[in-house]
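In case it helps, our numbering puts the sequence shown at residues 72 to 287.
Cβ atoms here follow ideal geometry from the backbone N, Cα and C, with glycine treated the same way.
Only one structure is covered here, and it is reproduced in the block below.
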Amino acid sequence: MSRLRVAIQKSGRLSDKSQALLQNCGLRFARSKDKLFWYGKDFPVDLLLVRDDDIPRMIMGGVCELGIVGENVANEVMLDRNGGTGLIPLRKLEFGHCRLSLAVPEQSDIVGAEGLDGRRVATTYPALTRSLLKERGVEAKIVELAGSVEIAPGLGTADAIADLVSTGTTLRANHLKEIEVLFESTAALYGTGESLPQEKQDLLDRLLARIDGVLQ
Ligand code: PRT
Ligand code: ZN
Numbered sequence: 072m073s074r075l076r077v078a079i080q081k082s083g084r085l086s087d088k089s090q091a092l093l094q095n096c097g098l099r100f101a102r103s104k105d106k107l108f109w110y111g112k113d114f115p116v117d118l119l120l121v122r123d124d125d126i127p128r129m130i131m132g133g134v135c136e137l138g139i140v141g142e143n144v145a146n147e148v149m150l151d152r153n154g155g156t157g158l159i160p161l162r163k164l165e166f167g168h169c170r171l172s173l174a175v176p177e178q179s180d181i182v183g184a185e186g187l188d189g190r191r192v193a194t195t196y197p198a199l200t201r202s203l204l205k206e207r208g209v210e211a212k213i214v215e216l217a218g219s220v221e222i223a224p225g226l227g228t229a230d231a232i233a234d235l236v237s238t239g240t241t242l243r244a245n246h247l248k249e250i251e252v253l254f255e256s257t258a259a260l261y262g263t264g265e266s267l268p269q270e271k272q273d274l275l276d277r278l279l280a281r282i283d284g285v286l287q
């Protein structure tokens, strides 16, 4: 019999709510010893617990049919791949809210994206930031960092940052001010752009109906 695999974040901001959503759909799981694979007991849907950054490529690579990840991460991967049809948003979820914002040092006189033309912008979302700035007619030098973006202006390696913000505490603690919201993100359920065998598609439709019930 066909089964579906859903990749969710193993530990982090999305993991509890991703698990809760699926459990609220009536799914029950038996966890593997290393707890990285959860077998669906009474509905043929299994979970893979991974780092959020791996989820888009796992779906595109056919390792799983579905995944729950932030729109920020999914869009970054899709843009990096020049669009591509490997990843399709199926449902926007009600958690993981944050915004990708531009921020500059408190004393900077840059007031918006347009002030960043030709300037250095540090981010962990290079493709997404480049594209969102381009939409605004701004061509900046993107400084790609793996983390701790908020310290880049203080170190002199960037004039501004594009980073995720929720409360603004991190920006304030680093004497940065938010000058423009580039993108509002939430977590979403993604599927593969490839068509599924009929049995799997039927299973997906049943799962989506349950998810819609929970989201209502
Ligand atoms: O280990 P793994 O790679 O799976 O986890 P991770 O550390 O990459 O991700 P995690 O758990 O931090 O975030 C997962 C997803 O949650 C992100 O991709 C976003 O879609 C979403 N999300 C929501 C956030 C935030 N809010 C958020 N505030 N992701 C990160 N932050 C960070 C931000 O980067 C900054 O450092 O929190 C800080 C800002 O928060 P405030 O409250 O100080 O403004
Ligand atoms: Zn991550």
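Could you give the first and the last residue of the continuous beta strand (DSSP E) run that contains GLN80?
First-last of the beta strand (DSSP E) with GLN80: 75-80.
Within its chain, find whatever has a CB closer than 7 angstroms to the CB of VAL209; leave out the 5 residues flanking it on each side and keep chain order.
ALA184, GLU185, LEU187, ASP188
Given 7 angstroms as the limit, tell me if ASN143 has its C-beta closer than that to any heavy atom belonging to the ligand PRT.
For ASN143, the distance from the CB to the nearest heavy atom of the ligand PRT is below 7 angstroms.
Among LEU119, THR241, ALA193, ALA91, which residue has its Cα nearest to the Cα of LYS106?
LEU119
Between the stretch 166-173 and the stretch 235-251, do at least 3 Cβ pairs fall closer than 8 angstroms?
Pairwise C-beta distances place the stretch 166-173 in contact with the stretch 235-251, as three or more of them are shorter than 8 angstroms.
With distances taken between CB atoms, is the gap from VAL116 to LEU92 smaller than 8 angstroms?
no
Measure from the alpha carbon of VAL285 to the alpha carbon of each residue in GLU221, CYS96, LEU216, then state which is nearest.
Considering only GLU221, CYS96, LEU216, the residue with the shortest C-alpha distance to VAL285 is CYS96.
Any heavy atom of the ligand ZN within a distance shorter than 7 angstroms of the CB on ARG295?
Residue 295 falls outside the range modelled here, since the chain spans only 72 to 287, and no answer is possible.
What does a CB cutoff of less than 7 angstroms around VAL220 pick up in its chain, not counting 5 residues either side in sequence?
ALA193, THR194, THR195, ILE232, ASP234.
My output table needs one value for THR257: the three-state DSSP class, helix, strand or coil.
coil
ALA231 (DSSP reduced to helix, strand or coil):
strand
Is LYS271 near ALA174, with beta carbons less than 8 angstroms apart?
Result no, Cβ atoms of LYS271 and ALA174 do not sit closer than 8 angstroms.
Check this for me: beta carbons of ILE126 and VAL182, under 8 angstroms apart or not?
Contact: no.
Using three-state DSSP, classify ASP188 as helix, strand or coil.
coil
Cβ atoms of VAL252 and ALA229: under 8 angstroms apart, would you say?
Cβ distance not < 8 angstroms, so ALA229 and VAL252 don't count as in contact.
Leaving aside the five residues before and after ALA290 along the sequence, list all residues of the same chain whose C-beta is less than 6 angstroms from its C-beta, in chain order.
With the chain covering only 72 through 287, there is no way to say anything about residue 290.
Between the CA atoms of GLY227 and LEU204 - distance to the nearest angstrom:
21 angstroms
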